[in-house]
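In what follows, a single structure is set out as structure tokens and then discussed.
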Amino acid sequence: MIKPSLLLEVASHAAMGIAVGLGFAFLVTHITGLGIAALINYAPAPNAVMLMFVGTCAIAFGIGATLTGLAITLTEDSDTPRR
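Following my numbering, the numbering of the sequence shown begins with 265 at its first residue and continues without gaps.
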């Protein structure tokens, strides 16, 4: 049986991962030394490429944080009393 608290923890890890992914995409595209923004601007459809880049970063970080949070939550020792 899946507990609602487990779903809430997994959802919060997913939201945190997506937020970190969006922050990463923002920083990477605004640091001119990396040249990612210039590379995106040379594309035939820069708006679509930027949207795909930001979406990929958000999804990748979100999935990673969700799986990590799920693994940590499921391996947590439940014998310790909660305060």
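Cβ atoms here follow ideal geometry from the backbone N, Cα and C, with glycine treated the same way.
- Using a C-beta cut-off of 8 Å, the region 278-285 makes contact with the region 318-331, since at least three inter-stretch Cβ pairs fall below that distance.
- Secondary structure of GLY299 (DSSP, three-state): coil.
- Here HIS277 is buried. Its C-beta has 16 or more other C-beta atoms within 10 Å.
- Here the C-alpha atom of LEU271 lies approximately 9 Å from the C-alpha atom of LEU334.
- Within the same chain, and ignoring the five residues on either side of ALA301 in sequence, the residues whose Cβ sits closer than 6 Å to its Cβ are THR293.
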